[in-house]
């Protein structure tokens with residue numbers, strides 16, 4: 001008990017020394033007993049001093065450890081904040097790169113306004129360069145009917161009018177099983193054009209054929225460039241036109257009197 005509690009033991013020793021001093025002064029006790037108690041007192045004071053020194057050392061060690069922990073936490077927090085800032089900056093840069101790349105891809109992707117069949121592809125090389133405003137390909141719509149373009153002699157243009165009924169035939173198909181379709185004049189050019197090969201003048205006449213009429217062809221599929229015969233019914237004549245490439249190409253026509 002005394003070994004584990006030197007300060008309490010010192011209290012007892014001091015009480016014994018006080019009592020022993022009185023007895024020694026009165027000659028009732030030998031002086032050596034007092035000196036023995038005083039030696040014990042000195043030993044206890046030394047132990048107490050050592051214990052206090054060790055306690056101070058431990059307390060200093062605890063404070064140092066706590067300070068290191070605080071510094072470590074502060075440093076860790078600063079590192080986390082720095083990494084978070086760097087990550088946020090990287091994310092912002094990546095978002096900007098994605099936005100820029102998306103805009104570039106949008107410019108690379110070429111989208112047609114309508115679905116249909118590709119006609120007259122101008123580029124077939126991967127990585128080919130298209131000049132601004134250059135023609136890449138043409139699309140023949142499959143669900144919006146067909147538009148046939150024919151040339152009419154200026155002498156007959158006065159007998160052509162908008163929504164004029166037109167009979168359309170396809171010589172490439174079996175004439176015994178292929179029906180004659182009905183079309184309508186959709187447009188007549190405002191002025192004449194000149195055939196560079198022949199030097200002859202002509203008017204452009206556009207004939208439209210609705211999808212419902214085209215369904216009468218059944219499984220027979222129209223292909224751009226297929227020849228077509230168009231008969232424009234007038235008051236005193238029928239104009240027979242041969243269209244070699246519906247929608248796009250110029251064609252040669254033949255005219256005959258009824």
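Residue numbers (the UniProt record's numbering): 1 to 258. Glycine included, each C-beta is placed from N, C-alpha and C at the ideal position. Please read all numbers here as calculations on a predicted model, not as lab measurements.
Integer Cβ distance of residue i from residue j, believed to fall under 8 Å
| i | j | result |
| --- | --- | --- |
| residue 126 | residue 110 | 14 Å between Cβ atoms; not a contact. |
| residue 165 | residue 233 | 6 Å |
| residue 34 | residue 62 | About 42 Å separates the two Cβ atoms, so there is no contact after all. |
Beta-bridge partners of residue i, as assigned by DSSP
| i | result |
| --- | --- |
| residue 181 | 168 |
| residue 131 | None, per the DSSP bridge assignment. |
| residue 202 | 193 |
| residue 146 | 209 |
| residue 38 | Partner(s): none; residue 38 has no beta bridge. |
Minimum C-alpha distance to residue i - residue among the options
| i | options | result |
| --- | --- | --- |
| residue 208 | 231, 20, 121, 41 | 231 |
| residue 161 | 146, 88, 188 | 188 |
| residue 229 | 16, 73, 36, 150 | 150 |
| residue 223 | 96, 21, 172, 62 | 172 |
| residue 211 | 181, 185, 195 | 181 |
| residue 227 | 220, 169, 175 | 169 |
| residue 192 | 158, 218, 63, 33 | 158 |
| residue 10 | 185, 20, 45 | 45 |
| residue 200 | 53, 153, 12 | 153 |
| residue 112 | 134, 139, 163, 75 | 139 |
| residue 206 | 197, 148, 167 | 148 |
| residue 40 | 220, 15, 83 | 15 |
| residue 218 | 177, 204, 195 | 177 |
Collapsed DSSP secondary structure at residue i in the structure displayed
| i | result |
| --- | --- |
| residue 152 | strand |
| residue 8 | helix |
| residue 50 | helix |
| residue 112 | coil |
| residue 138 | strand |
| residue 254 | Bear in mind that a pLDDT of 35 at residue 254, under 50, signals an unreliable position, so the model cannot answer this. |
| residue 118 | strand |
| residue 160 | coil |
| residue 187 | strand |
| residue 72 | helix |
| residue 100 | helix |
| residue 24 | helix |
| residue 29 | coil |
| residue 78 | helix |
Burial state of residue i (16 or more Cβ within 10 Å)
| i | result |
| --- | --- |
| residue 202 | buried |
| residue 259 | A question about residue 259 goes unanswered here, because the residues of the chain that appear run from 1 up to 258. |
| residue 6 | buried |
| residue 146 | buried |
| residue 13 | buried |
| residue 236 | Only weak support is given to the placement of residue 236: the predicted model assigns it a pLDDT of 49, under 50, and the value that follows is read from those uncertain coordinates. Answer is exposed; the Cβ neighbour count stays below 16. |
| residue 103 | exposed |
| residue 20 | buried |
| residue 37 | buried |
| residue 185 | buried |
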